[in-house]
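Single-structure report; data block below.
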DNA sequence: CACAAATATTTTAAGTTTGAAATATCTTCG
DNA sequence: CGAAGATATTTCAAACTTAAAATATTTGTG
């Protein structure tokens with residue numbers, strides 16, 4: 023019964039109105055997401071001489087001050103392992119993060135902010151938040167809450183099945 | 023400086039609750055967007071042996087059966103000119119689109135679906151819609167409408183100055 | 001007409017991203 | 001112990017992406 027209401031629901035061989043509404047919703051998410059990401063990328067580049075993916079890694083590490091493994095980073099950011107390797111390489115070259123060995127497991131390493139990385143990110147995060155708030159300045163408090171609620175129902179449905 | 027409500031509004035030097043709610047909303051948009059895009063990319067790859075960017079180009083051309091210029095394509099998809107060049111090159115190699123000369127302007131070219139491109143896309147679009155509907159199966163009709171409305175207010179704010 | 005400016009597209013260099021293969025290390029179990 | 005499998009990460013090739021430079025063509029102006 024995972025049948026989507028497409029061919030079964032309505033009688034015709036057209037897809038259903040609900041299916042079309044969901045598609046429109048998805049396309050609108052994509053549109054907003056691209057537009058905002060483009061604006062933020064440009065600001066990052068001009069104001070910080072940096073990039074969004076690097077900011078994302080710094081943000082994750084700022085939340086976990088003791089550092090994270092590469093695998094934790096890639097899971098948290100929902101990007102591939104190989105991807106994180108390259109970003110972290112560049113952040114290491116910039117002196118914003120370090121790779122530390124893990125006691126008892128020489129395969130793994132912990133990535134951690136340096137002092138410079140912490141300081142830089144703390145400053146950038148405030149500016150970043152103000153950029154976002156400006157880009158979303160038409161979003162009222164109640165609409166923000168509604169938006170978050172609706173998007174959460176979508177993410178939860180597609181949550182990775184946790185293996186215990 | 024063009025200070026947003028951050029430092030000025032509240033009295034403390036913290037950013038405002040509204041600003042934080044907007045940031046959370048943005049991060050949630052990003053999360054859903056990445057998750058869904060990842061799922062769709064995987065399905066495109068496995069089921070169609072293709073990619074999302076190519077699907078996006080085909081979709082744009084399917085809406086404009088007479089074809090589009092490279093610049094129209096890149097504007098419509100909100101990606102750079104150079105980007106579209108590469109995607110179209112590959113679609114040409116696959117025989118799904120063609121580049122046609124433009125009367126009276128030898129700088130430009132029109133990109134148009136071939137018959138094979140039209141046929142392929144028509145089939146894929148139906149399957150794609152059902153994938154999206156499944157991924158959004160927790161999204162009710164009224165929530166879909168609310169989501170679309172809220173996201174539109176955001177896009178409109180950041181709309182490029184229009185020329186219809 | 002000549003030639004500067006504008007426009008349409010491609011090329012290029014650098015970075016991001018993926019999925020798969022390769023490495024290195026750890027763990028399990030016969 | 002030692003091989004087989006599992007796990008953590010990196011490497012690799014291909015594709016995508018951008019911003020900027022280059023190319024080709026058209027348009028506007030004197």
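Chains as they are written, first to last, in the working numbering: chain A, 23 to 186; chain B, 23 to 186.
Backbone N, C-alpha and C fix where the C-beta goes; we use that ideal spot for every residue, glycine too.
Bear in mind that the values here come from a model prediction, so they are computed numbers and not experimental data.
| Asked | Found |
| --- | --- |
| Is the separation between the beta-carbon of residue 124 (chain A) and that of residue 90 (chain A) shorter than 8 Å? | no |
| Just confirm the distance between the C-beta atoms of residue 172 (chain B) and residue 169 (chain A), as a whole number of angstroms; I'd bet it's less than 8 Å. | 5 Å |
| Along the chain, where does the beta strand (DSSP E) that runs through residue 131 (chain B) open and close? | 127 to 135 |
| With a cut-off of 8 Å on the beta carbons, I'd call residue 119 (chain A) and residue 139 (chain A) a contact; round off their distance for me. | 5 Å |
| Using DSSP with H/G/I as helix, E/B as strand and the rest coil, what is residue 87 (chain B)? | coil |
| So, helix, strand or coil for residue 101 (chain B), using DSSP? | coil |
| From A:81, A:97, A:41, A:101, pick the residue whose C-alpha is nearest to that of residue 145 (chain A); which is it? | A:81 |
| Would the beta-carbon of residue 41 (chain B) fall within 8 Å of that of residue 61 (chain A)? | no |
| How big is the Cα-Cα spacing for residue 44 (chain A) and residue 37 (chain A)? | 11 Å |
| Considering only the beta carbon of each residue, do residue 73 (chain B) and residue 92 (chain B) sit closer than 8 Å? | no |
| Name, going along the chain, the residues of the region 159 to 172 of chain A whose beta-carbon falls closer than 9 Å to a beta-carbon of chain B. | 159, 160, 161, 162, 163, 165, 166, 167, 168, 169, 170, 171, 172 |
| Using CA coordinates, which residue listed in B:110, B:163, B:181, B:178 is at the minimum distance from residue 77 (chain B)? | B:110 |
| Here's the rule I'm using: 16 or more other beta-carbon atoms within 10 Å means buried, otherwise exposed. How should residue 166 (chain A) be labelled? | buried |
| Going by other Cβ atoms of all chains shown within 10 Å of its Cβ, with 16 needed for buried, is residue 115 (chain B) buried or exposed? | exposed |
| So what does residue 121 (chain B) bridge to, in DSSP terms? | B:133 |
| Output needed for residue 161 (chain B): all residues of its chain with C-beta closer than 6 Å, excluding positions within five of it in sequence on either side, in chain order. | none |
| For residue 55 (chain B) versus residue 52 (chain A), is the C-beta distance shorter than 8 Å? | yes |
| Can you tell me which of B:88, B:85, B:100 puts its alpha carbon nearest to the alpha carbon of residue 75 (chain B)? | B:100 |
| Mind reading off the beta-carbon distance from residue 163 (chain B) to residue 179 (chain A)? Whole number of angstroms is fine, and I expect it under 8 Å. | Between residue 179 (chain A) and residue 163 (chain B) the Cβ distance is about 16 Å, and since that is not below 8 Å, they are no contact. |
| Can you name the start and end residues of the alpha helix (DSSP H) that residue 54 (chain B) belongs to? | 39 to 65 |
| Cβ of residue 175 (chain B) less than 8 Å from any chain A Cβ? | yes |
| Beta-carbon of residue 146 (chain B) versus every beta-carbon of chain A: anything under 8 Å? | no |
| CB-CB under 8 Å to residue 69 (chain B), same chain, minus the five flanking residues each way: which ones, in chain order? | 149 |
| I need the straight-line Cα distance from residue 58 (chain B) to residue 175 (chain B), nearest angstrom please. | 22 Å |
| Helix, strand or coil, according to DSSP, for residue 116 (chain A) in the structure here? | coil |
| For residue 98 (chain A) and residue 63 (chain B), what's the separation of their Cα atoms in angstroms? | 19 Å |
| Note the first and the last residue of the continuous alpha helix (DSSP H) segment covering residue 164 (chain A). | 163 to 179 |
| Check distances from the C-beta atoms of the region 69 to 98 of chain B to those of chain A and list, in chain order, the residues that come in under 8 Å. | none |
| Taking a contact to mean a Cβ-Cβ separation below 8 Å, would you say residue 157 (chain B) touches residue 84 (chain B) in this structure? | no |
| From the DSSP output, in three-state form, read off residue 71 (chain A) for me. | coil |
| Does chain A have any CB closer than 8 Å to the CB of residue 179 (chain B)? | yes |
| If we count the other Cβ atoms within 10 Å of its Cβ and call it buried at 16 or more, is residue 39 (chain A) buried or exposed? | exposed |
| Can you find a C-beta in chain B that's less than 8 Å from the C-beta of residue 67 (chain A)? | no |
| In this structure, how does DSSP classify residue 93 (chain A) when only helix, strand and coil are distinguished? | helix |
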